[in-house]
């Protein structure tokens, strides 16, 4: 079941970055030993189609190659180097032919309302009975203190934004089992060992097509099949 989800305000044309101005030291300061790195990588610096050669491997580690050598995954290794580490727990980067085609981040807290304000109008996808029934009587967006936020009674949904060169998806799953544990089997994987409930994904428009090709090449290789071109 699909709904359009947007606050009743003009959607911003683009997100404007404000550069931080470094503080200028007025005089000598006592040097203090610290394990906190001065270098910080910002999540927004990760861009789809970025070459693998440009990846900062001080922050990310090679996780492995899958299906074929052309499909590689890197994973966040030094969370203390990440500027947004207060709300981002894990990042997985998917490369095909040495180009970044998918960025997947698992968050410590719900950012759905912030993303609505940042990206504008979204499509909400609700597939379970509880949330579908809820939306028969309640709105997706509610006004709290003059600001529009996602209805906090919704406990499982997807938000989708379609862009010219990318697809953006935010998935929330706060459903609780009778034993008070969260229903996380869908999220449980070796790439998400902590089973976080909030997942943000950016992927190239042709990601699914590229993955289908990678899997086909892997299948042919496993069966000893080869492709030849016959000359006239």
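Numbering (my numbering), first residue to last: 8 to 239.
Don't be surprised by glycine CBs; every beta carbon is placed ideally from N, CA and C.
In or out: residue 193 buried (at least 16 other Cβ within 10 Å) or exposed?
-> Its pLDDT being 49, under 50, residue 193 is placed unreliably by the model, and the measurement read from it follows with that caveat. Here residue 193 is exposed. Its C-beta has fewer than 16 other C-beta atoms within 10 Å.
Is it a yes or a no for the stretch 51-70 touching the stretch 92-108, going by three-plus beta-carbon pairs under 8 Å?
-> The answer is yes - the stretch 92-108 touches the stretch 51-70, with three or more Cβ pairs under 8 Å.
Nearest neighbour of residue 205, chosen from 172, 120, 102 [CA to CA] = With distances taken between Cα atoms, residue 205 lies closest to 120.
What is the rounded straight-line gap between the Cα of residue 69 and the Cα of residue 179?
-> Here the alpha carbon of residue 69 sits roughly 27 Å from the alpha carbon of residue 179.
Whose C-alpha, out of 52, 74, 159, is nearest the C-alpha of residue 117?
-> Selected option, being the one with the closest Cα: 159.
Should residue 114 and residue 203 be called a contact, given that it needs their Cβ atoms to be closer than 8 Å?
-> It is a contact, given that the beta carbons lie within the stated cut-off.
DSSP beta-bridge partners of residue 6 | The requested residue 6 is not part of the displayed model; the chain covers only 8 to 239.
Exposure of residue 133, with buried meaning 16 or more beta-carbon neighbours within 10 Å | Taking all protein chains shown into account, residue 133 has 16 or more neighbouring C-beta atoms within 10 Å of its C-beta and is therefore buried.
What does DSSP give as the partner residues of residue 168 in its beta bridges?
-> According to DSSP, residue 168 bridges with 175.
Taking only the alpha-carbon atoms, compute the straight-line gap between residue 144 and residue 74 and give it to the nearest angstrom.
-> One C-alpha to the other measures close to 46 Å.
Hey, quick one: how far does the alpha helix (DSSP H) through residue 126 stretch, first residue to last?
-> Unbroken alpha helix (DSSP H) run through residue 126: 119-126.
Just mark residue 64 as buried or exposed, buried being the case when its beta carbon has 16 or more other beta carbons within 10 Å.
-> Exposed, by the Cβ-count rule.
Looking at residue 138 and residue 161, is the spacing between their C-beta atoms short of 8 Å?
-> Taking 8 Å as the Cβ cut-off, residue 161 and residue 138 qualify as a contacting pair.
For residue 74, does the three-state DSSP call read helix, strand or coil?
-> Here residue 74 sits in coil by DSSP.
DSSP beta-bridge partners of residue 112 = Paired residues: 98, 207.
Among residues of its own chain, excluding the 5 on either side of residue 164, which ones have a beta-carbon nearer than 7 Å to its beta-carbon?
-> The residues are 131, 132, 133, 138, 179.
Considering residue 130, what are the terminal residues of the alpha helix (DSSP H) in which it resides?
-> Counting along the chain, residue 130 falls outside any alpha helix (DSSP H), though it belongs to the beta strand (DSSP E) covering 129-132.
Please state if the CB of residue 173 and the CB of residue 126 are separated by a distance shorter than 8 Å.
-> For the 8 Å CB-CB criterion, residue 126 and residue 173 do not form a contact.
Looking only at C-alpha atoms, which of 62, 217, 176 sits nearest to residue 100?
-> Comparing Cα-Cα distances from residue 100 to each of 62, 217, 176, the minimum goes to 62.
Is residue 140 helix, strand or coil by DSSP?
-> In this structure, residue 140 counts as helix in the three-state DSSP scheme.
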